[in-house]
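Take any residue in the sequence shown, note its place counting from 1, add 2, and you have its number in the working numbering.
Ideal Cβ positions, reconstructed from N, Cα and C, are used throughout, including at glycine.
Computed from a predicted structure; not experimentally measured.
To start, the structure itself, in structure tokens.
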Amino acid sequence: MEVGFLFARGNARTPALLVESSFLAFSEYILSKRVEIAIVPDMNKAERRTEKAKLYWFAPPTKKKGMPRKAENMASCAFGCADIDESTPNAAAALMPVLERYSMLMYHTASSTLANPRIRLMYEHSRLVKPDERRAIGIAVETMLMQEAGFTLESIKGEKARWVKDDDYLVFDRSVYGAQSYLYCPHAGAESNLYQGEVIDVDLLPLPVAEPQSEKPARNKTTSKSNEEDFTDFDLIDEYVIADLRSALWHPEMLKLACDNKGWSDNGYRLASLKETEQEDEARQLFIDWSVTAQDAYPEEDLHEVAVSKWDNYLHASTTSYRSIFGEAQKLGWKNPGALRLKAQGIGEMAASTRGELLAEHYRRIRLKSEDSEMVYHYTGQVWEYVPDTALNRQMAKMFTENSATYSPRAISSAIGAMKLQIPIMGEASRYLIGFANGVYDLEAQAFREHSPEDWITNHNGVEFTNPLPGENFKDHAPNFYKWLSQSAGDNAQYMERIKAALFMVLANRYDWQLFLEITGLGGTGKSVFTGIATLLAGSHNAASGSVKDLDTARERDSFVGKSLITLPDQERYAGSGAGLKAITGGDSVKVDPKHIRPYETVIQAVIMATNNEPMHFTERQGGIARRRVIFPFNNQVKESEQDPQLLNKVKSELPVIVRCLLVDFTEQERAKRLLHEQRQSPEALRVKNTSDPLYGFCSYLKELIDAAGMYMGVNKPPFFPHTHLYHAYISYMEAHGHKNLLNLTRFGAQLPEILKEANVSLQKVKTRVGYQYNVVLTADAKEWIDGEEIDNDNLSIVD
Numbered sequence: 003m004e005v006g007f008l009f010a011r012g013n014a015r016t017p018a019l020l021v022e023s024s025f026l027a028f029s030e031y032i033l034s035k036r037v038e039i040a041i042v043p044d045m046n047k048a049e050r051r052t053e054k055a056k057l058y059w060f061a062p063p064t065k066k067k068g069m070p071r072k073a074e075n076m077a078s079c080a081f082g083c084a085d086i087d088e089s090t091p092n093a094a095a096a097l098m099p100v101l102e103r104y105s106m107l108m109y110h111t112a113s114s115t116l117a118n119p120r121i122r123l124m125y126e127h128s129r130l131v132k133p134d135e136r137r138a139i140g141i142a143v144e145t146m147l148m149q150e151a152g153f154t155l156e157s158i159k160g161e162k163a164r165w166v167k168d169d170d171y172l173v174f175d176r177s178v179y180g181a182q183s184y185l186y187c188p189h190a191g192a193e194s195n196l197y198q199g200e201v202i203d204v205d206l207l208p209l210p211v212a213e214p215q216s217e218k219p220a221r222n223k224t225t226s227k228s229n230e231e232d233f234t235d236f237d238l239i240d241e242y243v244i245a246d247l248r249s250a251l252w253h254p255e256m257l258k259l260a261c262d263n264k265g266w267s268d269n270g271y272r273l274a275s276l277k278e279t280e281q282e283d284e285a286r287q288l289f290i291d292w293s294v295t296a297q298d299a300y301p302e303e304d305l306h307e308v309a310v311s312k313w314d315n316y317l318h319a320s321t322t323s324y325r326s327i328f329g330e331a332q333k334l335g336w337k338n339p340g341a342l343r344l345k346a347q348g349i350g351e352m353a354a355s356t357r358g359e360l361l362a363e364h365y366r367r368i369r370l371k372s373e374d375s376e377m378v379y380h381y382t383g384q385v386w387e388y389v390p391d392t393a394l395n396r397q398m399a400k401m402f403t404e405n406s407a408t409y410s411p412r413a414i415s416s417a418i419g420a421m422k423l424q425i426p427i428m429g430e431a432s433r434y435l436i437g438f439a440n441g442v443y444d445l446e447a448q449a450f451r452e453h454s455p456e457d458w459i460t461n462h463n464g465v466e467f468t469n470p471l472p473g474e475n476f477k478d479h480a481p482n483f484y485k486w487l488s489q490s491a492g493d494n495a496q497y498m499e500r501i502k503a504a505l506f507m508v509l510a511n512r513y514d515w516q517l518f519l520e521i522t523g524l525g526g527t528g529k530s531v532f533t534g535i536a537t538l539l540a541g542s543h544n545a546a547s548g549s550v551k552d553l554d555t556a557r558e559r560d561s562f563v564g565k566s567l568i569t570l571p572d573q574e575r576y577a578g579s580g581a582g583l584k585a586i587t588g589g590d591s592v593k594v595d596p597k598h599i600r601p602y603e604t605v606i607q608a609v610i611m612a613t614n615n616e617p618m619h620f621t622e623r624q625g626g627i628a629r630r631r632v633i634f635p636f637n638n639q640v641k642e643s644e645q646d647p648q649l650l651n652k653v654k655s656e657l658p659v660i661v662r663c664l665l666v667d668f669t670e671q672e673r674a675k676r677l678l679h680e681q682r683q684s685p686e687a688l689r690v691k692n693t694s695d696p697l698y699g700f701c702s703y704l705k706e707l708i709d710a711a712g713m714y715m716g717v718n719k720p721p722f723f724p725h726t727h728l729y730h731a732y733i734s735y736m737e738a739h740g741h742k743n744l745l746n747l748t749r750f751g752a753q754l755p756e757i758l759k760e761a762n763v764s765l766q767k768v769k770t771r772v773g774y775q776y777n778v779v780l781t782a783d784a785k786e787w788i789d790g791e792e793i794d795n796d797n798l799s800i801v802d
């Protein structure tokens with residue numbers, strides 16, 4: 003699996019987005035970036051910070067190149083990290099044999115000593131992990147490693163988890179499990195080991211263990227004040243303060259204050275009240291991260307550097323308090339998670355239904371997909387995102403752990419089951435909405451607006467929508483896309499329109515048109531670019547890849563749930579009924595059987611797009627596949643010397659233009675649908691079927707008559723009269739072309755009308771004295787393969 007990651011040195015606003023071919027190559031790259039630094043025990047914080055700034059650092063990837071390292075910009079990640087901030091020598095030694103079992107990079111930090119080894123870990127995931135999964139999976143991996151090494155969780159203080167084994171201990175810093183958290187590369191001379199064991203299966207990790215019961219010191223209760231600007235009682239600072247401040251500052255209305263100089267400065271002074279406390283470093287980073295969210299409003303400035311300078315040189319603790327941030331955020335609609343924690347303090351004694359209510363309150367906006375489904379979704383502020391049961395399990399376990407309560411797997415599952423009985427059902431998404439990163443485009447109203455939970459959309463394409471430029475068009479404003487389009491279509495304007503119609507179907511997710519796309523042709527004709535552009539329009543996170551056979555299998559269908567595009571790339575020769583393909587494109591409910599989860603049925607709402615060098619052969623002849631199958635032959639090979647391996651990347655940069663132009667071209671959506679129907683019935687599509695399916699090939703030699711005065715059917719016994727009898731002509735065609743597996747007479751008679759219907763021929767028959775006569779005859783081209791001499795139709799001696 004390829005590994006994408008951010009890489010930079012110092013306070014880079016937009017770090018480089020790099021990709022290595024494997025975890026091993028990624029690890030070797032990190033190890034190759036060692037630099038000389040010197041950190042000694044008597045250094046102050048500023049001096050340490052100056053030395054660390056010399057180091058390179060890496061982080062999970064962003065969705066696109068050039069994006070700031072902000073939580074909302076982060077993409078799924080192929081690796082995880084851990085930071086052992088403190089340990090005894092024996093504890094570190096006990097952990098090493100466990101690390102050797104996994105695909106993992108281990109190295110010591112610049113502050114590591116023999117007496118206090120400080121270690122960083124970087125390990126390979128079995129799949130890409132979403133940003134909102136990173137923390138739960140990071141804690142779960144930590145738990146697995148510690149349990150395998152024989153350690154027990156002793157305490158959790160803030161982000162520091164202390165594990166003990168006899169007199170030895172290790173302390174993990176859990177702040178590195180954040181969506182955008184970064185780690186420094188090793189310094190020159192750092193001890194390191196690269197282990198090539200098994201990949202950690204992130205879907206089979208243990209639940210986090212509960213923190214042991216302990217007596218906590220009572221807190222002084224203070225009457226809250228309406229104006230807390232002069233609040234300075236730092237004894238009330240708890241382990242949640244930084245997380246709560248982040249939650250408050252990232253409320254949409256509070257983010258707007260980051261763009262306002264006074265609001266930015268005011269909240270900076272409020273955060274500075276945490277200087278000279280244990281939370282100082284985290285508060286500093288929080289201020290920097292929050293400041294950078296306003297970067298788009300100040301494109302000429304590096305807000306990372308501005309925030310660093312402001313914090314280090316100008317902000318200081320005064321009469322104002324960080325608690326004022328909570329007060330202001332609540333006035334603007336933020337819900338304080340502290341209220342939920344207060345409710346959860348007695349979680350160990352609660353009934354399952356009450357625990358379920360707490361879990362639902364944690365997610366706030368949470369729904370079941372449908373009445374007969376157990377799939378849970380929660381609203382992210384952009385889309386309704388699927389929450390798998392594994393994530394619900396971990397979150398429920400975390401709530402027990404945070405309140406020092408013990409639990410059992412049964413307690414977890416019963417609470418989740420109770421929650422599913424309580425939460426409302428999702429509404430139906432409008433078929434006229436296209437989800438973008440910054441809002442939705444309403445095809446019916448032909449207008450763009452902000453996201454709303456009542457839209458019920460479950461994905462967006464990741465594109466930032468902006469209004470089109472005057473006179474914007476493909477040829478002038480998306481030249482790379484236009485080059486591919488015209489080249490693939492052989493400069494055929496009508497064919498170009500139909501290709502664009504297919505891309506619009508993907509963009510608008512019109513799975514309800516009950517069509518699927520098959521792109522077929524030789525290599526080097528632009529098929530893979532077609533699939534790549536479709537994936538960009540749907541959003542790579544909304545696309546899944548598989549095979550036609552995967553669509554038939556309940557276990558394999560699990561990877562397609564919740565996706566808006568299913569690609570079937572580089573299909574090997576397929577011959578079958580296409581039952582799964584027909585069911586999904588027909589909008590039928592299909593069975594899904596995920597690993598470790600009870601099977602269920604759902605409707606997979608995705609457009610399906612197959613690419614192959616050799617067309618698929620379907621044995622289904624009742625019209626179910628034929629009505630849905632839209633074939634796009636790609637026959638214009640590009641010379642190898644003229645092929646551009648970077649074409650798709652160039653097209654990617656033109657994506658906003660492509661989206662806007664498609665919306666303009668297909669303001670009337672039905673036009674796109676009509677174009678696809680035209681392509682389905684086009685001569686070039688029929689030619690593909692003729693060459694790949696013998697029955698289609700045979701029917702291509704039949705022409706329609708006004709009356710049923712043409713050929714007879716015939717029987718399956720000699721003598722044969724191929725000039726005048728359809729079944730005899732079919733046998734001759736099959737023998738002449740070397741085809742085996744002839745249809746018997748009954749199946750031939752049943753399937754022939756459906757095949758001819760696709761060529762706009764309605765097969766008719768009349769009864770005569772010598773059997774049924776049909777309204778079709780052989781074309782003159784049939785002489786290429788037919789045997790024998792023609793006979794007089796009025797002197798027939800064979801009876802059907």
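Annotation for V640: G526 place their beta carbon closer than 6 angstroms to its own, counting only its chain and skipping 5 residues before and after.
Taken through DSSP and simplified to helix, strand or coil, G329 comes out as helix.
In the three-state reduction of the DSSP assignment, K597 falls in the coil class. V772 sits in coil when the DSSP states are folded into three classes, being neither helix nor strand.
Per the coordinates, the alpha-carbon of L765 lies some 25 angstroms from the alpha-carbon of R676.
For E387 and D560, the gap between their C-alpha atoms comes out near 16 angstroms. Here D44 is exposed. Its C-beta has fewer than 16 other C-beta atoms within 10 Å. The three-state secondary structure of Q639, taken from DSSP, is coil. The bridge partners DSSP lists for R575 come to none.
The beta-carbon distance between V5 and S128, rounded to whole angstroms, is 13 angstroms. This is too long to meet the 8 angstroms contact definition. In terms of Cα proximity to S375, the closest of I788, A608, P601, L206 is P601. Looking at the backbone, the Cα of R396 and that of A761 are separated by about 57 angstroms.
Between the alpha carbons of E686 and L570 lies a distance of about 21 angstroms.
In this structure, the alpha-carbon of S547 lies about 17 angstroms from that of R575.
Annotated three-state conformation of T403 is helix, per DSSP.
Spanning the alpha carbons of V609 and T460 requires a straight line of approximately 15 angstroms. Per DSSP, I733 is one residue of the alpha helix (DSSP H) stretching across 728 to 738. About 5 angstroms separates the Cβ atoms of G464 and A439, confirming a contact at the 8 angstroms cut-off. Remark: C-beta atoms of A577 and E756 do not approach each other more closely than 8 angstroms. The C-alpha of F7 lies about 31 angstroms from the C-alpha of R557. Your pair W165 and M148 checks out as a contact, with CB atoms roughly 5 angstroms apart and the cut at 8 angstroms. By the C-beta criterion, the segment 342 to 353 is judged not to be in contact with the segment 376 to 384, since fewer than 3 inter-stretch pairs fall below 8 angstroms. Under the DSSP definition of a beta bridge, I121 partners with I86, H110.
DSSP places W515 in no alpha helix (DSSP H); its state is neither H nor E. In this structure T533 is buried. Its beta-carbon is surrounded by 16 or more other beta-carbon atoms within 10 angstroms.
Beyond the five residues adjoining it in sequence on each side, A260 comes within less than 7 angstroms, by CB distance, of W266, W292, S293, T295, A296 in the same chain, given in chain order.
Under the three-state reduction of DSSP output, Y31 falls in the helix class.
Residue environment for H727: buried (at least 16 other C-beta atoms within 10 angstroms of its C-beta).
In this chain, the beta strand (DSSP E) harbouring K167 covers 162 to 167.
The beta-carbon separation of V531 and L697, rounded to 33 angstroms, does not stay under the 8 angstroms limit for a contact. The beta carbon of D709 lies closer than 7 angstroms to those of N777 in the same chain, with the five residues before and after it left out. Just so you know, the alpha carbons of N475 and A503 end up roughly 16 angstroms apart. At a cut-off of 4 residues, the continuous stretches assigned as alpha helix (DSSP H) that sit fully inside the segment 522 to 597 are 529 to 540, 550 to 553, 581 to 587.
Residue environment analysis places D87 among the buried positions, since at least 16 neighbouring C-beta atoms fall within 10 angstroms of its C-beta. In terms of CA proximity to I39, G191 leads the group G191, F60, K167, K597. Nearest C-alpha to L19 among G12, P63, K485, M3: P63.
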